[in-house]
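Q: Residue numbers (this note's numbering), protein chains in the order written: chain S, 449 to 759; chain H, 12 to 577; chain W, 7 to 343.
By construction, the Cβ of each residue, glycine as well, lies at the ideal position given by its N, Cα and C atoms.
No experiment lies behind these values; they were computed from the predicted model shown.
Sharing a structure with you now.
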Amino acid sequence: MTDLNTNPIGEIEAIAVVEDPRSQWWDVWDQFKTHKGAVLGLAFFVLVILLVLVGPHLWTIAPNHIDIRAKNQGMSLAHPMGTDQLGRDTFAQMLSGGRVSLAVGVVAMALSLFVGTLVGVLAGYFRRIDGLLMRFTDLFLALPLLPLLLVIIMLFRDTLRAAFGPETGIFILIVFVIGITSWMQTARIVRGDVLALKQQEFVLAARSIGTPPHRMILRHVLPNVMSPIMVSATLGIANAIITESALSFLGLGFPSDFPTWGRLLFDSTNFMSLHPARVIWPGLAISLTVLSVNYMGDGLRDALDPRIRGR
Amino acid sequence: MKMKSILLGAAAALALAPMAQAGRGDSGHLNIIYWQAVSILNPFLSGGTKDVEASSLIIEPLARYDEKGNMVPWLAKEIPSVKNGGVSKDLKSITWHIKPGIKWSDGSALTAKDAVFTANYCMAPDGGCAQKANFADVAKVEAIDDLTVKVTFSKPKPFPYGPFVGAQSPIIQAAQFKNCVGAKAPSCTEQNFHPVGTGPFVVDQFRANDVVTMKANPNYRDPNKPSFASLTFKGGGDAAAAARSVLETGEFDYAWNLQVDPTILKQMAAAGKGEVISAFGTSVERLMVNFTNPDPKLGDKRSTVEGGPHPFLSDPAVRKALSLAIDRQTISDVGYGSAGKPTCNVLPAPAIYASTANDSCLVQDIAKANKILDTAGWKRGSDGIRAKNGVRLSILYQTSTNAVRQDTQALIKQWWSEIGVETELKNIDAAVFFGGDQSSPDTFQKFFADIEMYTNNFNGTDPEAYMGSWTCKQIPSPANNWLGDNMPRYCNPAYDKLSSEMAGTADINERAKLAKAMNDMLMQDGAMIPLVHRGSVSARSKTLMGVKMNAWDSEMWNAADWYRAK
Amino acid sequence: MLNFTIRRLLFTIPTLLLISLIIFLLLDLAPNDPTGNLPLTIPAEVREQIRKALGLGDPIYVRYYRWLVQFFVNEPLNLLGEWTHSCIGDCENRLRVTSWATRSPVVDLIAERMPQTLWVVGLSYVVGILIAVPIGVYSAYRQYSWFDQLGTFISMIGFSVPTFFTGVLMIVIFSVQLRWFPSIYDTTLRVTDWSSLGAQIRQMAMPVFVLALYNAAQISRFMRASMLDNLNQDYVRTARAKGLNERVVVLVHVLRNSLIPVVTVIALGVPQVFGGAIITEQVFKVNGLGQLLIIGIQGADIPLVQTLTFIFAVLIVLFNLIADILYGILDPRIRYD
């Protein structure tokens, strides 16, 4: 009997979604707009992106141009953020470094979220593959990171470099490495939430009317595990930016004359008491970016929650 | 009145004299930080500089090098030579006489048997002795009597001071290590962590890769030394943190190997707690030029002689121009400060071996470098990069990961761009780069790049083995498992001839002439581009006296004479 | 539940064996080398002999088997012998898992490192949780209040500014300028009286603070998000409608239901406590397990790294099991059978 009823209802539901998909996203956007922090975060994020995209065309000093006579300078008109120990302009480095750091941060975070959520939802929802997937997660948690990285780099660096050129090749490698080594926490958390969620009445109800698994997951499960995913996203972006700097330091990342925010912060740590400004800029850039992503995540989660949106 | 004050002064001086020359333990506690932590106190099983230096506080050789690089007798009465009869006329044996009355820290007497045991311990097969090179060509070591050791070599040795000389070749106690020979060596944890020695200190507590605490040796030969009653030998952190703990916070008295940006060191030293000290040995930071073709398309023949010569580095004009474009003074100032001197030689010291024939490279001359390349037919393309017959001057430049090296790379890249040479920088984790793993493409022996940079040096003061590194048979290749020291793959019969001539020459002045000739040949052929003669740099607290910084031996070599300023 | 636990425990044995094999293969494949950190003055032939003496010449399955025997048979026997002060079997010649760099038994090295790691990393973890949970709960309860905004700001700074930076900053301020705390941790310090306890607290203050900030930042974010999800649920409205005390509603009903993601994060973090905090230990020279691991990795000390990572893997599997059991306790609807 339930089987008979399933399909019509499912279809009606589907039709409703297809008929008026825009209004739902407009609702989300309207709700998002009411969240002051989220709007501010979005504005800041867009500003930073514009700055790092357009900035290098306006501020024409090359980030790796060395002017040894102007080394270790403080803030001035010629160098608004000072210079480093070789006389490279910090502002130019921040602009071109931001491009790389943001790209690595966002893409690696997205990859890690995708893998983590996929594994977490599948493990939590399908009892049969739960054990296998979770032991797989345990394995990844247990692998020593550094030797793993050394092996990955040894096996793939030259192939990727040959196929995509030095910069794109290494970008793909870094994003892959960070993504592949940071999804486990998300997976475990999402699985825990899904396990709890599966027992709730609305899931039972949806299942009892025969909703197919993929629609169950996309329509009922995923929206309800958005909060931990959003937190993971915020933390993940910071994590990716910092990890990238650690990779470069180990000689596994971008070439050494290729600035990124994490690297600028790392390199300037020892100069902290000599030139405090040098540490503050990259530190501030990373923190504010992460903060803006956090507020955007907050706003998005509220906006996606039908209970809040209705209010 | 005047007389009285003089007398009083004299009396005060008399009273003070014993205080200045304090007795054993009067200076209290000494804090030393080696940011690379000590793993083991048996230098035969490690070879790491940190381990050799820490163990040199405990165990000692028969002779060692002083801060000027002169050999001084330590546990031996005098340095054997042909003149005093200690070295045989045919140069095939050397006889050492041990000072009488020297005791191990457990109270037993040091005898020639201990030296014989030490040699057999290191030469035992399966032992994996890291200092085996010091015992090269040794045929036999025997005890003539209780205090006389005779080392016989299998062939004439113009420089017979390998065994028992310097911090790398100390004497261990036969009684303690008798069950630890050969394959059993690694299982003797207790012995390796708490060696019995003749040196000024004995191990109290040993925590591998963390900290060693030591106490003054109660049986040390000089009853008034060491002045310190105990010491802590801490490891961990990085060079900047170690420097800070001596120069800024004053928590430690001595910090080793401070390769930190010179501006930071200077600023730390301004706090007034300590001072930066340096000493120059034989270390030279240099660029190795690949004479063979590292093109990945060559597959197994990559960077081997069979793979053919390098497409553009085989042109002497290019090598010359690359060297001329570099401002060595700036590299030295930016990266090394007081611990660096620009150099044009790969063999910069001892003074007797140092050539002056190549000093013209000290002056950077971009215009001249450009002219050389123009004359040689390398024309700038539309992108500013020179090319000839379709070969672009595009260099892959690799080195180990290290902040100073990356700064040097950035500087050189800029200068080379000014002469129309494109450079891609690559840095590799030091453990991989210097690791020699056969399966890794990134080792310095495989040299899958056009230029690579690192520092090398030699132990002691005799350059024969070191200069032998660039003979044809030392070229690394798959046939010898890439085990060879001739990274540039430089092969010149004239050079090989000089090298074998040196092995048969005993006279020191003749040897010096040969060594200089070899150095000049390497430099003029541009097989290497030397950059900076590097000193070791350490820091001492202003209250720590008696430190004589030594680049030829362990920095701890005269720790028995150290004391605390009152 | 008991059934489930036993089944899972039995299942961990093949899992762990497989993990140990994969770790071993990975370490063997890694391009670093135990002679890589030796001075270049040691010639290539001598390096080759050192490698042979370490057993690197043997085929990989021999080395893996050797490690298995040493770790699963010899080490437990040795431990048993030490406890009972007796000699079990051939205790004189029994080969234990021996580190290549220090030539000493790995298990002894680990035991030596435990105290400082547990003191510093463990304490910072506890402090982090104790700070994070109340902050997360209150931030969610008073969402968008000034307290919430401040908490968000601080935790974002805490998370996005890495410990290599905060650690050095603390040293420059508190060791160099103010001279309150030592910049170097003394692992030989024994707490015997009040003054040595004071010294221990002073040397722990900075690393514990740095790590606690980092941990608290992360955990409080998950706590807050999870609380927010639950505060809007129907059962909360029902509970309030029933006239339950607000305190009971929040602290009993909502908190308990919100703990699942937090328990996951906390459980995942516990093995990492034993893994040490590599960067923080390095900055403050604590020389705990994290520093031991990183030195081992840099020196390609395979027996050391293999043993440490394996113990780490055991803890991970164990704490994930504990987390799963806790889910069932926190949310009785979750059933595994």
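Beta-carbon of residue 492 of chain S versus every beta-carbon of chain W: anything under 8 Å?
A: Stepping through the first sequence from its first residue, residue 492 of chain S is reached at position 44. So no, residue 492 of chain S is outside the interface.
Q: Does the Cβ-Cβ distance between residue 642 of chain S and residue 669 of chain S come in under 8 Å?
A: Within the first sequence, residue 642 of chain S is the residue found at index 194, counting from 1. Within the first sequence, residue 669 of chain S is the residue found at index 221, counting from 1. In contact: residue 642 of chain S and residue 669 of chain S (Cβ atoms closer than 8 Å).
Q: Less than 8 Å between the C-beta atoms of residue 346 of chain H and residue 415 of chain H, yes or no?
A: Walking along the second sequence from the start, residue 346 of chain H turns up at place 335. Walking along the second sequence from the start, residue 415 of chain H turns up at place 404. Closer than 8 Å, so yes.
Q: Hey, how far is the Cα of residue 59 of chain W from the Cα of residue 115 of chain W?
A: Locating residue 59 of chain W in the third sequence gives position 53, counting from the first residue. Locating residue 115 of chain W in the third sequence gives position 109, counting from the first residue. If I take the Cα positions, the gap works out to 21 Å.
Q: For a contact meaning CB atoms closer than 9 Å, what does residue 66 of chain W contact in chain H?
A: Locating residue 66 of chain W in the third sequence gives position 60, where the first residue counts as 1. Within 9 Å Cβ-Cβ: nothing; residue 66 of chain W doesn't reach chain H, min ~12 Å.
Q: Can you pull the DSSP bridge partners for residue 285 of chain H?
A: The sequence position of residue 285 of chain H within the second sequence is 274, counting from 1. H/552, per the DSSP bridge assignment.
Q: Compute the distance between the beta-carbons of residue 460 of chain H and residue 404 of chain H, then report whether it is under 8 Å.
A: Start at 1 with the first residue of the second sequence, and residue 460 of chain H comes out as number 449. Start at 1 with the first residue of the second sequence, and residue 404 of chain H comes out as number 393. No, they are not a contact pair.
Q: Using only CA atoms, which one of H/423, H/71 and H/101 lies nearest to residue 579 of chain H?
A: Missing from the structure shown is residue 579 of chain H; chain H here goes from 12 to 577 and no further.
Q: Under the DSSP definition of a beta bridge, which residues are partnered with residue 390 of chain H?
A: Your numbering for residue 390 of chain H matches position 379 in the second sequence. Answer by DSSP bridge pairing, in chain order: H/398.
Q: Kindly give me the distance between the Cβ atoms of residue 490 of chain S and residue 674 of chain S, rounded to whole angstroms, as I take these residues to be in contact under 8 Å.
A: By 1-based counting over the first sequence, the position of residue 490 of chain S is 42. By 1-based counting over the first sequence, the position of residue 674 of chain S is 226. The pair is not a contact, with the Cβ atoms about 17 Å apart (cut-off 8 Å).
Q: Are any of the Cβ atoms in chain S nearer than 8 Å to that of residue 304 of chain H?
A: Mapped onto the second sequence, residue 304 of chain H falls at position 293. Cβ-Cβ to chain S under 8 Å: no for residue 304 of chain H.
Q: Count the other C-beta atoms from every protein chain shown that fall within 10 angstroms of the C-beta of residue 469 of chain S, then say buried if there are 16 or more, exposed otherwise.
A: The residue labelled residue 469 of chain S in the question sits at position 21 within the first sequence. Residue placement at residue 469 of chain S is poorly supported in this model, since its pLDDT is 49, which falls under 50; the coordinates are not used for a value here.
Q: Do you know whose CA, among H/211, H/430 and H/187, lies nearest residue 204 of chain H's CA?
A: Position 193 of the second sequence, counting from 1, holds the residue named residue 204 of chain H. Checking every option, the nearest Cα to that of residue 204 of chain H belongs to H/187.
Q: Does the CB of residue 213 of chain W have a neighbour CB from chain H at under 8 Å?
A: The count along the third sequence starts at 1 and reaches residue 213 of chain W at position 207. No - not a single Cβ of chain H is within 8 Å of the one on residue 213 of chain W.
Q: Note down, in chain order, all residues in the stretch 404-430 of chain H with a beta-carbon under 8 Å from any beta-carbon belonging to chain S.
A: Under the 8 Å Cβ criterion, the stretch 404-430 of chain H contributes 411, 412, 414, 417, 418, 420, 421, 422, 424 and 425.
Q: Which word fits residue 457 of chain H, buried or exposed, when buried means at least 16 other C-beta atoms lie within 10 angstroms of its C-beta?
A: Position 446 of the second sequence, counted from the first residue, corresponds to residue 457 of chain H. Residue 457 of chain H is buried by the Cβ-count criterion.
Q: For residue 130 of chain H, does the count of other Cβ atoms within 10 angstroms reach 16, so buried, or fall short, so exposed?
A: Counting from one through the second sequence, the residue named residue 130 of chain H turns up at place 119. Its Cβ being crowded by 16 or more others within 10 Å, residue 130 of chain H is buried.
Q: Locate the alpha helix (DSSP H) running through residue 170 of chain W, then write down its first and last residues.
A: Translated into positions along the third sequence, residue 170 of chain W becomes position 164. It spans 169-176 - the alpha helix (DSSP H) in which residue 170 of chain W sits, taken as one unbroken run.
Q: Can you tell me whether DSSP reads residue 100 of chain W as helix, strand or coil?
A: As a first step, residue 100 of chain W must be located in the third sequence, where it is residue number 94. If DSSP states are grouped into helix, strand and coil, residue 100 of chain W belongs with coil.
Q: For the beta strand (DSSP E) holding residue 164 of chain H, just list the boundary residues, first then last.
A: As a working mapping, residue 164 of chain H is identified with position 153 in the second sequence. 159-164 is the extent of the beta strand (DSSP E) around residue 164 of chain H.
Q: Quick check: what's the CA-CA separation for residue 140 of chain H versus residue 591 of chain S?
A: Looking up residue 140 of chain H in the second sequence gives position 129. Looking up residue 591 of chain S in the first sequence gives position 143. Their backbone Cα atoms lie some 33 Å apart in a straight line.
Q: Is the beta carbon of residue 692 of chain S closer than 8 Å to that of residue 600 of chain S?
A: Along the first sequence, one-based indexing puts residue 600 of chain S at 152. Along the first sequence, one-based indexing puts residue 692 of chain S at 244. No. Outside cutoff.
Q: In chain H, what lies closer than 7 Å to residue 53 of chain W by C-beta?
A: For the purposes of this step, residue 53 of chain W is taken as the residue at position 47 of the third sequence. Simply 447.
Q: According to DSSP, simplified to helix, strand and coil, what is residue 34 of chain H?
A: Residue numbering aside, residue 34 of chain H sits at position 23 when the second sequence is read from its first letter. Residue 34 of chain H: coil per DSSP, three-state reduction.
Q: Hey, would you say residue 226 of chain W sits closer than 8 Å to residue 163 of chain W, going by beta carbons?
A: What you label residue 226 of chain W is simply residue 220 of the third sequence in a count that begins at 1. What you label residue 163 of chain W is simply residue 157 of the third sequence in a count that begins at 1. Contact flag unset, no.
Q: Looking at the structure shown, is residue 558 of chain H part of a helix, part of a strand, or coil, going by DSSP?
A: Counting from 1 along the second sequence, the entry for residue 558 of chain H is found at position 547. DSSP places residue 558 of chain H in coil when its eight states are reduced to three.
Q: Give the C-beta separation of residue 290 of chain H and residue 39 of chain H to the nearest angstrom, bearing in mind that I take them to be a contact with Cβ-Cβ under 8 Å.
A: Looking up residue 290 of chain H in the second sequence gives position 279. Looking up residue 39 of chain H in the second sequence gives position 28. Rounded, the Cβ-Cβ distance is 27 Å, inconsistent with contact.
Q: Straight-line CA distance for residue 169 of chain H to residue 95 of chain H?
A: Within the second sequence, residue 169 of chain H is the residue found at index 158, counting from 1. Within the second sequence, residue 95 of chain H is the residue found at index 84, counting from 1. In a straight line, the C-alpha of residue 169 of chain H is about 15 Å away from that of residue 95 of chain H.
Q: Are the C-beta of residue 104 of chain W and some C-beta of chain S separated by less than 8 Å?
A: On the third sequence, position 98 is the one that residue 104 of chain W refers to. Not closer than 8 Å to any Cβ of chain S, the Cβ of residue 104 of chain W fails to qualify, so no.
Q: Just to make sure I have the definition right: I need the residues of chain W whose C-beta is within less than 9 Å of the C-beta of residue 346 of chain H. Which are they?
A: Looking up residue 346 of chain H in the second sequence gives position 335. Chain W residues near residue 346 of chain H: none, gap ~19 Å exceeds 9 Å.
Q: Taking C-beta pairs closer than 7 Å, name the residues in chain S that residue 166 of chain W reaches, listed in chain order.
A: The residue you call residue 166 of chain W lines up with position 160 of the third sequence. Residues of chain S passing the Cβ test: 686, 734, 735 and 738.
Q: Against residue 559 of chain H, what residues of chain S qualify as contacts under a CB-to-CB distance less than 7 Å, listed in chain order?
A: The residue given as residue 559 of chain H occupies position 548 in the second sequence. The contacting residues do not exist; residue 559 of chain H stays about 29 Å from chain S at best.
Q: Any beta carbon of chain H sitting closer than 8 Å to that of residue 562 of chain S?
A: Within the first sequence, numbered from 1, the residue matching residue 562 of chain S stands at position 114. Chain H contact via Cβ: absent.
Q: If the cut-off is 7 Å on Cβ atoms, which residues from the stretch 570-582 of chain S count as contacting chain H, listed in chain order?
A: Within the stretch 570-582 of chain S, no residue has a Cβ that lies closer than 7 Å to any Cβ of chain H.
Q: Who are the near neighbours of residue 571 of chain S in its chain, counting only those whose CB is closer than 6 Å to its CB and skipping five residues on each side?
A: Here residue 571 of chain S corresponds to residue number 123 of the first sequence, with the count starting at 1. The answer, listed in chain order, is 578, 581, 582 and 639.
Q: Compare the C-beta of residue 719 of chain S with all C-beta atoms of chain H and state if any pair is closer than 8 Å.
A: Along the first sequence, one-based indexing puts residue 719 of chain S at 271. It does; some Cβ of chain H falls within 8 Å.
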